[in-house]
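Worksheet for the structure shown next.
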Amino acid sequence: MKHLLLVILLFFGVNTFSQTKIIDPETQIVWVSGIPTCPDDPQITALINKVGIENLQKSKRNISKNEANICRQLGKIFKQKDMYEGADWYLERVKAHVEIVKLEPEVVFEQPKKEEPIAPEIAASLAQDKAFLQSIPEDFENVSPSDMKKLAQNIENQIQKLIKEKEALIKSHAAPEVIKAKDESIKSLGKEKEIIDLKVETKELEVETGELKKDTKKLRSYLIGAGIAILLMILGIMVLFQRKTIKVQDKEIQRQLDDINKKNTYLEYAARIIRHDMHSGINTYIPRGLSSLQKRISTEKADELKITPSLKMISEGLAHTQKVYKGVYEFTNLVKVKADFKKEKINVKSALEEYFANTSYASQVTVGDIGEMKVNKQLFCTAIDNLVRNGIKYNNNKNKMVHVFKENDNIVIKDNGTGLSKNKFNELIKKGVDIESETGLGLSITKAIIEEHGFSIDCDLIDEGTQITITI
Numbered sequence: 001m002k003h004l005l006l007v008i009l010l011f012f013g014v015n016t017f018s019q020t021k022i023i024d025p026e027t028q029i030v031w032v033s034g035i036p037t038c039p040d041d042p043q044i045t046a047l048i049n050k051v052g053i054e055n056l057q058k059s060k061r062n063i064s065k066n067e068a069n070i071c072r073q074l075g076k077i078f079k080q081k082d083m084y085e086g087a088d089w090y091l092e093r094v095k096a097h098v099e100i101v102k103l104e105p106e107v108v109f110e111q112p113k114k115e116e117p118i119a120p121e122i123a124a125s126l127a128q129d130k131a132f133l134q135s136i137p138e139d140f141e142n143v144s145p146s147d148m149k150k151l152a153q154n155i156e157n158q159i160q161k162l163i164k165e166k167e168a169l170i171k172s173h174a175a176p177e178v179i180k181a182k183d184e185s186i187k188s189l190g191k192e193k194e195i196i197d198l199k200v201e202t203k204e205l206e207v208e209t210g211e212l213k214k215d216t217k218k219l220r221s222y223l224i225g226a227g228i229a230i231l232l233m234i235l236g237i238m239v240l241f242q243r244k245t246i247k248v249q250d251k252e253i254q255r256q257l258d259d260i261n262k263k264n265t266y267l268e269y270a271a272r273i274i275r276h277d278m279h280s281g282i283n284t285y286i287p288r289g290l291s292s293l294q295k296r297i298s299t300e301k302a303d304e305l306k307i308t309p310s311l312k313m314i315s316e317g318l319a320h321t322q323k324v325y326k327g328v329y330e331f332t333n334l335v336k337v338k339a340d341f342k343k344e345k346i347n348v349k350s351a352l353e354e355y356f357a358n359t360s361y362a363s364q365v366t367v368g369d370i371g372e373m374k375v376n377k378q379l380f381c382t383a384i385d386n387l388v389r390n391g392i393k394y395n396n397n398k399n400k401m402v403h404v405f406k407e408n409d410n411i412v413i414k415d416n417g418t419g420l421s422k423n424k425f426n427e428l429i430k431k432g433v434d435i436e437s438e439t440g441l442g443l444s445i446t447k448a449i450i451e452e453h454g455f456s457i458d459c460d461l462i463d464e465g466t467q468i469t470i471t472i
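Under the numbering used here, residues 1 to 472 are what the sequence shown spells out, in order.
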């Protein structure tokens, strides 16, 4: 009987709640009687008024062709405004109208356009390398030895320049395909220089041959001429083969770049879907249901049903999940092409204490006066939390403690645990997404967030445990 009463209360609570006006703070959609609206957009308002709220509340199968067409227009507008939850609501009604789907099929959500994932300056540099290679003459018949020596020197200078650029790309962790392209350009130029040096020697040999004494035997002259002809023929074959090799390499590099573009597109699209679906459940449906339940069940009734601890656990769990979602939301922002890394000026001590307040290990963390910094609040707190949790998790001390404080304008995270050496720290980070190493995964994410802010991170094994230093 008690459970039947709870089900009845939940039904009336949700039914009453759906008739209210709700403003979603994340998407700015205003829900009126369960219908997604946007009062700031006059086009949306006009279309909704044309159909009528009461008609939009009808069963999907009972809407007319004209109403279905208007729902499709509304779905497109919400999609263009990146209000995907509203777009889904209207387009779902169109899908249920078989006549509209058959007569006027249309794909609303198109795949994102491919965009260049390589930085413009790197792409320009690769294009310059290719242009330099193409500028080298294929035939040196009418080129003097002095001009060929100048060209050989220019090639040598270009090789040294490319070596420095390759080293810079390696330090900046550029894509392997880009580094490989630089390396192939260096090798190709080296071979071109060898060919030119050999041709210079050949030209000089031709000059020396012409200056031989008139009494040199004709047979010797013929032999030298034949040898030069054979040598030039071999060199010509080598040059042609080298040109073909370069073309094959260019095609392979382009194929790899296209593959990277496609994978980046899929990754960005997947991140957008995850953010949308997580948002719908965490910030809309679950909070609505919980709020309605709490309004309809009094404290005395909850105690009578013995569900007060359960309601508290659900509320706290929801708050924790929403905090985690904010971190996921900010992190998936970085997946977007030309992502805008948002930062704000915060009081670090206050932000961290607020972040740790609802954790089970809040009493084991102390935060000193660090001052104000311009950071991405959610991601920065997530990174520090990863380091704090590791300091507590890998700790055999009876009184596990982690201290976060400022030292010489740097942020220090110090624990009294088992200790972690610099080599082990770097080894765990290199493991990256190795699912068997939970700590390694956390440290990789932390390092990525810290470096995204323009900071660096280091680790030292100390007598009392581990000290992590974030250099600002």
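C-beta atoms are modelled at their ideal positions from N, C-alpha and C, and glycine is treated no differently. The structure presented is a predicted model; accordingly, all values stated were derived computationally and were not measured.
- Query: Anyone know if the C-beta pair for I392 and I470 falls short of 9 Å?
  - Reply: Stepping through the sequence shown from its first residue, residue 392 is reached at position 392. Stepping through the sequence shown from its first residue, residue 470 is reached at position 470. Not a contact, by the Cβ cut-off of 9 Å.
- Leaving out the 5 sequence neighbours to the left and right, which residues in its chain are closer than 6 Å to R72 when beta-carbon positions are compared? For this step, residue 72 is matched to residue 72 along the sequence shown. The answer, listed in chain order, is V94.
- Residue range of the beta strand (DSSP E) that K345 falls in? One-based indexing of the sequence shown puts residue 345 at position 345. Note, K345: beta strand (DSSP E), E344 to N347.
- Tell me, please, which residues DSSP counts as bridged to L461. The residue given as residue 461 occupies position 461 in the sequence shown. Beta-bridge pairing links L461 to T466.
- Query: Going straight from the alpha carbon of Q134 to that of I118, what length do you get?
  - Reply: In the sequence shown, residue 134 corresponds to position 134, counting from 1. In the sequence shown, residue 118 corresponds to position 118, counting from 1. Each residue's alpha carbon lies about 22 Å from the other.
- Message: Looking at T245: is its Cβ nearer than 9 Å to the Cβ of I228?
- Response: By one-based count along the sequence shown, residue 245 stands at place 245. By one-based count along the sequence shown, residue 228 stands at place 228. Cβ atoms of T245 and I228: not closer than 9 Å.
- Item | Candidates W89, G52 and A181, of which the one nearest E252 by Cα | Within the sequence shown, the letter at position 252 stands for residue 252. Residue A181 is the option with its Cα nearest to E252.
- Message: Which same chain residues end up closer than 7 Å to S442 when comparing Cβ atoms and leaving out the 5 residues on each side of it in sequence?
- Response: For the purposes of this step, residue 442 is taken as residue 442 along the sequence shown, with counting starting at 1. The amino acid occupying residue 442 in the given sequence is Gly; Ser does not appear at that position. Closer than 7 Å at Cβ, skipping near neighbours: N386 and N390.
- Query: Is A319 near L311, with beta carbons less than 9 Å apart?
  - Reply: Taking the sequence shown and counting its residues from 1, one reaches residue 319 at position 319. Taking the sequence shown and counting its residues from 1, one reaches residue 311 at position 311. In this structure, L311 does not lie closer than 9 Å to A319 by Cβ.
- Message: For L74, count the other beta carbons within 10 Å of its own beta carbon; 16 or more makes it buried, fewer makes it exposed. Which is it?
- Response: Translated into positions along the sequence shown, residue 74 becomes position 74. L74 comes out buried.
- Message: Do K166 and I179 have their beta-carbon atoms positioned less than 9 Å apart in this structure?
- Response: Translated into positions along the sequence shown, residue 179 becomes position 179. Translated into positions along the sequence shown, residue 166 becomes position 166. Yes; because the gap between Cβ atoms is below 9 Å, this pair is in contact.
- Nearest-angstrom Cα separation, counted from D463 out to I307: Taking the first residue of the sequence shown as position 1, residue 307 is located at position 307. Taking the first residue of the sequence shown as position 1, residue 463 is located at position 463. For I307 and D463, the distance between alpha carbons rounds to 48 Å.
- Query: Can you tell me whether E85 is buried or exposed, with buried defined as 16 or more other CB within 10 angstroms of its CB?
  - Reply: In the sequence shown, residue 85 corresponds to position 85, counting from 1. Label assigned to E85: buried.
- Query: Would you report the Cα separation of P36 and S64, rounded to the nearest angstrom?
  - Reply: Locating residue 36 in the sequence shown gives position 36, counting from the first residue. Locating residue 64 in the sequence shown gives position 64, counting from the first residue. For P36 and S64, the distance between alpha carbons rounds to 19 Å.
- Message: If the criterion is Cβ atoms closer than 9 Å, does the pair Q256 and S188 meet it?
- Response: Indexing the sequence shown from 1 puts residue 256 at position 256. Indexing the sequence shown from 1 puts residue 188 at position 188. Not closer than 9 Å, so no.
- Task: State the start and end residues of the unbroken beta strand (DSSP E) segment that holds M373.
- Result: Translated into the one-based positions of the sequence shown, residue 373 becomes position 373. Element bounds for M373: E372 to V375.
- Message: Applying the 10 Å Cβ sphere with the 16-neighbour rule, what's the burial state of M233?
- Response: Counting from one through the sequence shown, the residue named residue 233 turns up at place 233. Exposed is the call here.
- By Cβ distance, which residues of its chain are closer than 6 Å to V101, with the 5 residues on each side in sequence left out? Within the sequence shown, residue 101 is the residue found at index 101, counting from 1. In this prediction, V101 has a pLDDT of 44, which is less than 50 and means its spatial position is unreliable; what the coordinates show is noted afterwards. Excluding positions up to five away in sequence, the list is empty.
- Query: Around the Cβ of F241, are there at least 16 other Cβ atoms within 10 angstroms (buried) or fewer (exposed)?
  - Reply: The residue given as residue 241 occupies position 241 in the sequence shown. So F241 ends up on the exposed side.
- Message: On the DSSP bridge list, what partners appear for V404?
- Response: Mapped onto the sequence shown, residue 404 falls at position 404. The partner list for V404 (beta bridge, DSSP) reads V367 and I413.
- Item | A351 burial status per 10 Å Cβ neighbour count (16 or more: buried) | For the purposes of this step, residue 351 is identified with residue 351 of the sequence shown, where counting begins at 1. It counts as buried.
- Message: Cutting at 6 Å between CB atoms, please list the residues of its own chain near L461, excluding the five before and the five after it.
- Response: Here the question's residue 461 lines up with position 461 in the sequence shown. Answer for L461: G419 and S421, listed in chain order.
- Measuring from the CB of I429, is there a heavy atom of the ligand ATP at a distance below 8 Å? Of the ligands one can find in the structure shown there are none, so the ligand ATP has no counterpart to examine.
- Contact check, G371 vs N347, beta carbons under 9 Å: Here residue 371 is taken as the residue at index 371 of the sequence shown, counted from 1. Here residue 347 is taken as the residue at index 347 of the sequence shown, counted from 1. Yes, the Cβ-Cβ distance between G371 and N347 is below 9 Å.
- Query: Do K374 and K349 come within 9 Å of each other at the CB atom, strictly closer than that value?
  - Reply: Numbered from 1 along the sequence shown, position 349 holds the residue referred to as residue 349. Numbered from 1 along the sequence shown, position 374 holds the residue referred to as residue 374. No. Outside cutoff.
- Distance between K400 and I297 (C-alpha atoms, nearest Å): Numbered from its first residue, the sequence shown carries residue 297 at position 297. Numbered from its first residue, the sequence shown carries residue 400 at position 400. Near 41 Å, if we compare the C-alpha coordinates of K400 and I297.
- Query: Between the Cα of H403 and the Cα atoms of A362, V367 and L379, which residue gives the shortest distance?
  - Reply: Locating residue 403 in the sequence shown gives position 403, where the first residue counts as 1. Comparing Cα positions, the closest option is V367.
- Query: I63 lies in the beta strand (DSSP E); which residues open and close that run?
  - Reply: Within the sequence shown, residue 63 is the residue found at index 63, counting from 1. Looking at the DSSP string, I63 is not in any beta strand (DSSP E), and its letter there is neither H nor E.
- Do I468 and I457 have their C-beta atoms within less than 9 Å of each other? As a position in the sequence shown, residue 468 is number 468, starting the count at 1. As a position in the sequence shown, residue 457 is number 457, starting the count at 1. The answer is yes: Cβ separation under 9 Å.
- Beta-carbon separation of E156 and R243 under 9 Å? As a first step, residue 156 is located in the sequence shown; it is residue number 156 there, counting from the start. As a first step, residue 243 is located in the sequence shown; it is residue number 243 there, counting from the start. Not closer than 9 Å, so no.
- Message: Can you tell me where the alpha helix (DSSP H) holding I53 begins and where it ends?
- Response: Position 53 of the sequence shown holds residue 53. First-last of the alpha helix (DSSP H) with I53: I53 to L56.
- Just tell me which of I472, T359 and A362 has its CA closest to the CA of N408. Here residue 408 corresponds to residue number 408 of the sequence shown, with the count starting at 1. Closest by alpha carbon: I472.
- Determine, using beta carbons only, whether G465 and N416 come nearer to each other than 9 Å. Locating residue 465 in the sequence shown gives position 465, counting from the first residue. Locating residue 416 in the sequence shown gives position 416, counting from the first residue. Cβ atoms of G465 and N416: closer than 9 Å.
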